[in-house]
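Worksheet: the structure to be examined is printed underneath.
2 protein chains.
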Amino acid sequence: MEISHDLVRSPAVQKGNYNKRCAIIAAATAVFVRDGYIGASIDAIAEEASVSRQTIYNQIGDKEKLFAEVVRGITEQGSARMAATLATFPDQPEDIGRELVEFAVRLTRNCLCDDNSRALRKLIENEGSRYPELFETWKDYGPGKNWPAISARFARLARAGDIELDDPDLAARQFMALIGADLPNGPGEIVSDAQLEKAARNGVKTFLRAYGKRESAPAL
Amino acid sequence: MEISHDLVRSPAVQKGNYNKRCAIIAAATAVFVRDGYIGASIDAIAEEASVSRQTIYNQIGDKEKLFAEVVRGITEQGSARMAATLATFPDQPEDIGRELVEFAVRLTRNCLCDDNSRALRKLIENEGSRYPELFETWKDYGPGKNWPAISARFARLARAGDIELDDPDLAARQFMALIGADLPNGPGEIVSDAQLEKAARNGVKTFLRAYGKRESAPAL
DNA sequence: GACGATTTGGACAAGAGCGTCCAAAAGTCA
DNA sequence: TGACTTTTGGACGCTCTTGTCCAAATCGTC
Numbered sequence: 001m002e003i004s005h006d007l008v009r010s011p012a013v014q015k016g017n018y019n020k021r022c023a024i025i026a027a028a029t030a031v032f033v034r035d036g037y038i039g040a041s042i043d044a045i046a047e048e049a050s051v052s053r054q055t056i057y058n059q060i061g062d063k064e065k066l067f068a069e070v071v072r073g074i075t076e077q078g079s080a081r082m083a084a085t086l087a088t089f090p091d092q093p094e095d096i097g098r099e100l101v102e103f104a105v106r107l108t109r110n111c112l113c114d115d116n117s118r119a120l121r122k123l124i125e126n127e128g129s130r131y132p133e134l135f136e137t138w139k140d141y142g143p144g145k146n147w148p149a150i151s152a153r154f155a156r157l158a159r160a161g162d163i164e165l166d167d168p169d170l171a172a173r174q175f176m177a178l179i180g181a182d183l184p185n186g187p188g189e190i191v192s193d194a195q196l197e198k199a200a201r202n203g204v205k206t207f208l209r210a211y212g213k214r215e216s217a218p219a220l
Numbered sequence: 001m002e003i004s005h006d007l008v009r010s011p012a013v014q015k016g017n018y019n020k021r022c023a024i025i026a027a028a029t030a031v032f033v034r035d036g037y038i039g040a041s042i043d044a045i046a047e048e049a050s051v052s053r054q055t056i057y058n059q060i061g062d063k064e065k066l067f068a069e070v071v072r073g074i075t076e077q078g079s080a081r082m083a084a085t086l087a088t089f090p091d092q093p094e095d096i097g098r099e100l101v102e103f104a105v106r107l108t109r110n111c112l113c114d115d116n117s118r119a120l121r122k123l124i125e126n127e128g129s130r131y132p133e134l135f136e137t138w139k140d141y142g143p144g145k146n147w148p149a150i151s152a153r154f155a156r157l158a159r160a161g162d163i164e165l166d167d168p169d170l171a172a173r174q175f176m177a178l179i180g181a182d183l184p185n186g187p188g189e190i191v192s193d194a195q196l197e198k199a200a201r202n203g204v205k206t207f208l209r210a211y212g213k214r215e216s217a218p219a220l
């Protein structure tokens with residue numbers, strides 16, 4: 001699982017080699033996701049990063065500190081991607097079907113199916129109970145900020161008369177569920193662009209059959 | 001996580017105390033799900049089962065054998081519950097909305113939200129790559145047998161004129177996604193009957209808005 | 001080249017877990 | 001009661017991991 005940490009910069013202290021530090025964080029992310037917190041060994045991370053074990057202790061410190069750094073990195077990156085993607089929601093659509101499909105493709109590709117998001121979900125699910133403070137950080141970014149944002153977009157579409165719905169929050173949850181329903185969710189599965197496109201089209205089609213304006217039968 | 005293993009009987013050999021064996025399997029299931037394969041220690045399982053560590057080695061054997069037994073148990077039980085629930089699909093509905101909601105409640109309660117199913121999903125997701133043969137066994141029961149079964153039911157409903165759909169497989173996947181969209185999916189969260197009922201109603205409502213016959217507006 | 005900072009690899013102690021062995025205790029059945 | 005089976009608890013050897021320490025090697029910069 002390749003994870004770029006371009007956005008992960010040393011927070012305050014700027015000692016040592018940035019590249020080494022980034023390599024350590026990236027390798028730690030991969031190994032933590034693959035083997036879990038307990039199963040991940042510092043030696044495996046060191047080997048994955050092509051770095052001596054001692055360097056990890058020099059640069060970051062404890063295993064817990066390393067894990068916290070990993071979580072901080074993927075949370076930040078995931079949140080940034082989600083915010084950027086949400087900004088592309090079709091506000092004043094000309095062809096709502098096509099534009100919703102395009103948005104769904106961006107959403108699944110950048111925020112649901114990418115390695116970073118899957119890593120975050122897996123860590124939250126498996127180690128969230130062991131490190132509740134990690135869960136707290138994520139709640140702010142995930143369901144705390146982004147879900148209301150997307151439901152607000154749908155509410156605006158409804159006010160503009162593009163769709164018909166009574167509960168924007170519910171519609172947002174169902175939209176997410178529908179565009180994810182047709183995606184292969186096996187472990188470590190590769191999702192092709194064609195599958196992504198088809199899943200988005202199928203999900204949006206059903207979403208608009210339920211919530212679209214009655215007179216305009218969407219031909220996708 | 002309480003998991004009853006009434007269906008789990010010793011396969012061939014019938015030596016020793018059944019109660020002890022069942023207690024071991026149940027405890028092992030809980031600990032494996034909680035801590036993962038590597039994180040689960042035989043000592044913790046022995047303590048959870050109120051049994052000496054040596055007894056585990058006498059009754060089952062290896063840690064791997066114990067894990068395989070755990071997976072076999074929850075897979076069997078999950079499959080049995082799914083089959084029993086699928087048999088209650090409304091074949092000739094009088095009130096399709098109400099009957100689909102009732103079916104969705106049964107499905108989520110027995111096959112999606114119960115401890116057994118969640119344990120199975122978690123183990124598959126986390127250890128499936130480490131033990132592919134485990135994944136194989138599950139594929140037969142899960143997507144291999146049950147998903148075609150449910151889509152066949154929807155196809156029959158469509159032929160009878162109760163709903164309008166072109167792709168039964170897709171409709172089945174979307175039905176599952178919709179009735180699960182409104183469920184709290186946090187780790188270890190308790191789902192009340194009221195939430196279950198409401199989630200099912202919301203999901204079926206949208207499903208029928210998309211696939212129901214146009215003239216009969218469902219009032220749920 | 002020389003100096004300081006960093007990295008490296010190896011060694012180390014402490015602890016945890018797995019699987020085995022074994023003698024004593026408890027349970028089971030005739 | 002007596003013979004047989006099972007369970008128990010403790011001890012053991014083995015491996016793996018964590019975190020620390022340290023001297024030698026490497027890198028960057030002047």
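Residue numbers (this note's numbering), protein chains in the order written: chain A, 1 to 220; chain B, 1 to 220.
The C-beta atom is built at its ideal place from N, Cα and C for all residues, glycine as well.
In this text the structure is predicted, and so the values were computed from the model without any measurement.
From residue i to residue j, what distance separates their C-alpha atoms?
i	j	result
Ala80/A	Ala44/B	41 Å
Val33/B	Leu123/B	6 Å
Ala46/B	Tyr57/B	10 Å
Ser129/B	Lys213/A	45 Å
Lys205/A	Asp162/A	15 Å
Cys113/A	Phe135/B	21 Å
Gln54/A	Thr137/A	29 Å
Arg118/B	Glu94/A	43 Å
Arg9/B	Glu69/B	For Arg9/B, the predicted model reports a pLDDT of 36, less than 50, meaning its position is unreliable; a value from the coordinates is still stated below. Near 10 Å, if we compare the C-alpha coordinates of Glu69/B and Arg9/B.
Ala149/A	Glu99/A	18 Å
Val71/B	Leu157/A	47 Å
Asp62/A	Ser41/A	12 Å
Ile3/A	Ala28/A	Because the pLDDT at Ile3/A is just 41, under 50, the model does not fix this residue reliably, and the point stays unresolved.
Arg153/B	Pro90/B	8 Å
Gly144/B	Ser151/B	12 Å
Tyr18/B	Ser192/B	33 Å
Leu208/B	Arg121/A	31 Å
Ala84/A	Lys139/B	37 Å
Glu133/B	Ile96/A	45 Å
Asp6/A	Glu189/A	Confidence at Asp6/A is low in this model, with a pLDDT of 36, below 50, so its placement is unreliable and the value that follows should be read with caution. Whole-angstrom Cα-Cα distance: 24 Å.
Ala12/A	Phe67/B	In this prediction, Ala12/A has a pLDDT of 32, which is less than 50 and means its spatial position is unreliable; what the coordinates show is noted afterwards. Cα to Cα, Ala12/A sits roughly 45 Å from Phe67/B.
To which residues does DSSP link residue i through a beta bridge?
i	result
Gly128/A	Per DSSP, none; premise fails for Gly128/A.
Ile163/B	Gly212/B
Please name the residue in the options whose C-alpha comes closest to that of residue i.
i	options	result
Lys20/B	Asp162/B, Ala40/B, Ser41/B and Ile60/B	Ile60/B
Asn116/A	Leu208/A, Ala26/A and Ser129/A	Ala26/A
Ser86/B	Cys111/B, Glu136/B, Lys63/B and Gly144/B	Looking at the sequence itself, residue 86/B is Leu, so the reference to Ser does not match. Checking every option, the nearest Cα to that of Leu86/B belongs to Cys111/B.
Gln92/A	Ala210/A, Ala155/A and Phe175/A	Ala155/A
Gly203/B	Leu66/B, Phe175/B and Glu48/B	Phe175/B
Tyr131/A	Ala49/A, Met82/A and Lys65/A	Lys65/A
Just to confirm before moving on: does the CB-CB distance between residue i and residue j stay below 8 Å?
i	j	result
Ala181/A	Ala177/B	yes
Leu183/B	Thr108/B	yes
Asn126/A	Gly39/A	no
Val51/A	Ala30/A	no
Met82/A	Asn146/A	yes
Ile179/B	Ala200/B	yes
Ala210/A	Ala49/B	no
Original post:
Are at least three pairs of beta-carbons, each pair with one atom in the region 165–175 of chain A and one in the region 60–78 of chain A, less than 8 Å apart?
Top reply: Cβ pair count under 8 Å is below three, so no.
Original post:
When the Cβ atoms of the region 101–110 of chain B are set against those of the region 183–202 of chain B, are three or more pairs found closer than 8 Å?
Top reply: Judged by Cβ distances under 8 Å, the region 101–110 of chain B makes contact with the region 183–202 of chain B, as three or more pairs qualify.
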